[in-house]
Amino acid sequence: MAMEPKATLTGAKTLAPYKLACREARPEGSVVRVGDLTIGNGSMVVMAGPCAVESRQQLMETAQAVKLAGAQVLRGGAYKPRTSPYSFQGLEEEGLELLREARAETGLKIITEVKDVRAVERVAQVADILQIGTRNMQNFGLLQEVGRTQVPVMLKRGLSATVEEWLMAAEYILAEGNEQVMLCERGIRTFEPFTRNTLDLSAVAAVRELSHLPVIVDPSHGTGRWKMVTPMALAAVAAGADGLIIEVHPRPWEALSDGPQSLTVERFAGLMTAMDPLLRALGRA
Ligand code: PEP
Ligand code: MN
Numbered sequence: 025m026a027m028e029p030k031a032t033l034t035g036a037k038t039l040a041p042y043k044l045a046c047r048e049a050r051p052e053g054s055v056v057r058v059g060d061l062t063i064g065n066g067s068m069v070v071m072a073g074p075c076a077v078e079s080r081q082q083l084m085e086t087a088q089a090v091k092l093a094g095a096q097v098l099r100g101g102a103y104k105p106r107t108s109p110y111s112f113q114g115l116e117e118e119g120l121e122l123l124r125e126a127r128a129e130t131g132l133k134i135i136t137e138v139k140d141v142r143a144v145e146r147v148a149q150v151a152d153i154l155q156i157g158t159r160n161m162q163n164f165g166l167l168q169e170v171g172r173t174q175v176p177v178m179l180k181r182g183l184s185a186t187v188e189e190w191l192m193a194a195e196y197i198l199a200e201g202n203e204q205v206m207l208c209e210r211g212i213r214t215f216e217p218f219t220r221n222t223l224d225l226s227a228v229a230a231v232r233e234l235s236h237l238p239v240i241v242d243p244s245h246g247t248g249r250w251k252m253v254t255p256m257a258l259a260a261v262a263a264g265a266d267g268l269i270i271e272v273h274p275r276p277w278e279a280l281s282d283g284p285q286s287l288t289v290e291r292f293a294g295l296m297t298a299m300d301p302l303l304r305a306l307g308r309a
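Okay, structure coming up:
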C-alpha cells in the first residue's frame with residue numbers, strides 16, 4: 025500500500041523524511057542572509073581564500089586580492105581537520121583573530137570551519153558563516169549545537185554520503201531552529217584516483233529538486249587539482265549552484281595544506297572573469 029504523505033510545517037505534503045529541508049516545506053526556495061549578502065535568490069556568491077590561515081601576511085594578501093577580483097566572502101580554516109595528527113592543525117585562536125582583522129580591513133564576510141562542539145561559541149563570534157566539514161557531516165552533536173545558534177551554516181556533503189543522508193544532516197540543524205542553512209557539494213569518494221574526489225554536479229540538480237536550501241559548490245576539494253578548478257566552477261554555475269567556494273593562495277607551492285588544488289590570486293581573478301559572460305547568459309549577472 026502506498027504511504028500517506030505527511031504534512032510539513034507549511035501544511036504541504038511530502039514523503040521525504042527530511043520534513044524541514046524538503047522542497048515542499050518552502051517551494052519558493054530559501055534565501056540565506058549574511059549581513060547585506062543574500063544567498064539563494066539568484067545572485068552568485070563567491071567565497072575564496074586559503075585552505076588554512078597561515079600568517080597575517082598570507083591572509084591579508086589573499087583577502088585583498090580576492091576582494092579585488094569580486095569575492096564577497098573570505099574563507100580560511102583556523103581549525104583544520106587533518107587526516108594525520110602530525111600535520112598542521114591550524115593556528116586555532118590566533119587564526120580566528122586574523123580572520124577578524126581581515127574582515128575589519130576588507131569588509132569581506134568570513135566563513136571558517138568549526139570542527140568541535142566545544143568551539144562553536146568561540147568560532148561563532150568571528151564567523152559570518154560556520155562551515156561544517158565533510159568529516160563532520162554526521163557529527164550530530166555538532167550539527168545540533170550550530171543549530172542552536174542563529175549564525176548561517178554551510179554544511180559540506182560527507183565523503184561518502186548519499187544526497188538523502190546529507191539532507192537528513194541539514195535537518196538536524198533546521199530542527200534546532202536555525203533556518204540559515206546552505207549545502208555544499210565538495211566531491212565524493214569513488215573508484216577514480218585521478219581526482220582527489222569526484223565532484224558530483226548531479227547532486228546540485230538533485231538538491232534543487234529535493235530541497236529549498238541554497239547549494240554551494242567546492243571544485244577545489246572536488247577535484248584536488250588547480251587546473252580543474254576553473255572548468256568545474258563554470259560547470260557548477262551552469263548546473264545551477266547558488267555559489268562557489270574556492271581555495272586561493274598567494275604562493276600555492278608554499279601552502280601548509282591543499283596547495284595542489286589552490287589557485288594563485290591571478291588564476292582566481294581569471295576564473296571570475298571567465299564566469300562573467302556565463303552569469304550574463306544565465307540572466308544572473
Ligand atoms: C576545507 O574546506 O578546507 C575542508 C577541509 O573541506 P572538506 O571538509 O570538504 O574536506
Ligand atoms: Mn582545504
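The opening position of the sequence shown corresponds to residue 25 in the numbering used here, with each subsequent residue numbered one higher.
Note that CB positions come from ideal geometry on N, CA and C, so glycine has one too.
All of these numbers come straight from a predicted model, not from anything done at the bench.
Residue i CB to nearest heavy atom of ligand 1 below 8 angstroms
| i | result |
| --- | --- |
| Cys-46 | no |
| Gly-157 | yes |
| Glu-137 | yes |
| Pro-105 | yes |
| Glu-271 | yes |
Limits of the unbroken beta strand (DSSP E) element including residue i
| i | result |
| --- | --- |
| Lys-310 | What the structure shows of the chain is the stretch from 25 to 309, and residue 310 is not part of that stretch, so it cannot be assessed. |
| Leu-61 | 61-63 |
Span of the alpha helix (DSSP H), counted from its first residue to its last, around residue i
| i | result |
| --- | --- |
| Gln-88 | 80-93 |
| Arg-124 | 117-130 |
Heavy atom of ligand 2 within 8 angstroms of residue i beta-carbon
| i | result |
| --- | --- |
| Gly-101 | yes |
| Ala-76 | yes |
| Asp-140 | no |
| Asp-310 | Only positions 25 to 309 of the chain appear in this structure, which leaves residue 310 out of reach. |
| Ser-244 | yes |
| Glu-278 | no |
| Glu-209 | no |
| Ser-79 | no |
| Ser-281 | yes |
Residues sharing a beta bridge with residue i, DSSP
| i | result |
| --- | --- |
| Val-69 | Gly-267 |
| Leu-99 | Note that residue 99 is Arg in the sequence shown, not Leu. Beta-bridge pairing links Arg-99 to Ile-135. |
| Leu-287 | Val-272 |
| Arg-312 | Outside the shown range of the chain, which is 25 to 309, sits residue 312, and nothing can be said about it. |
| Cys-46 | Ser-235 |
| Ala-76 | Gly-101 |
Quiz prompt | Stretch-stretch touch, CB-based, cutoff 8 angstroms, three pairs: the segment 224-240 with the segment 49-57 | solution = The segment 224-240, when compared against the segment 49-57, does touch it at the 8 angstroms Cβ threshold.
Quiz item: Three or more beta-carbon pairs under 8 angstroms between the segment 41-49 and the segment 63-79, yes or no?
Solution: The segment 63-79 and the segment 41-49 do not touch, with fewer than three beta-carbon pairs separated by less than 8 angstroms.
Quiz item: Going along the chain, which unbroken runs of the alpha helix (DSSP H) with 4 or more residues stay wholly within the segment 209-272?
Solution: Fully enclosed alpha helix (DSSP H) runs of 4 or longer: 226-234, 243-247, 250-263.
Quiz item: Are at least three pairs of beta-carbons, each pair with one atom in the segment 154-161 and one in the segment 170-185, less than 8 angstroms apart?
Solution: The segment 154-161, when compared against the segment 170-185, does touch it at the 8 angstroms Cβ threshold.
Quiz item: In the segment 137-206, which residue ranges form an unbroken beta strand (DSSP E) of at least 3 residues, counting only runs that do not cross its ends?
Solution: Secondary structure remark: continuous beta strand (DSSP E) runs of at least 3 residues inside the segment 137-206, in chain order: 153-156, 177-180.
Exercise. Could you say if the segment 58-65 and the segment 77-94 meet the contact criterion of at least three C-beta pairs nearer than 8 angstroms?
Key: Too few Cβ pairs lie closer than 8 angstroms, so no.
Quiz item: Between the segment 78-91 and the segment 241-261, do at least 3 Cβ pairs fall closer than 8 angstroms?
Solution: Judged by Cβ distances under 8 angstroms, the segment 78-91 makes no contact with the segment 241-261, as fewer than three pairs qualify.
Quiz item: Taking three-plus beta-carbon pairs below 8 angstroms as touching, is the segment 200-213 in contact with the segment 167-174?
Solution: The segment 200-213 makes contact with the segment 167-174: 3 or more CB pairs, one atom from each, lie closer than 8 angstroms.
Practice problem: Take every Cβ of the segment 140-151, pair it with every Cβ of the segment 112-131, and state whether three or more of those distances are shorter than 8 angstroms. | Solution: The segment 140-151, when compared against the segment 112-131, does touch it at the 8 angstroms Cβ threshold.
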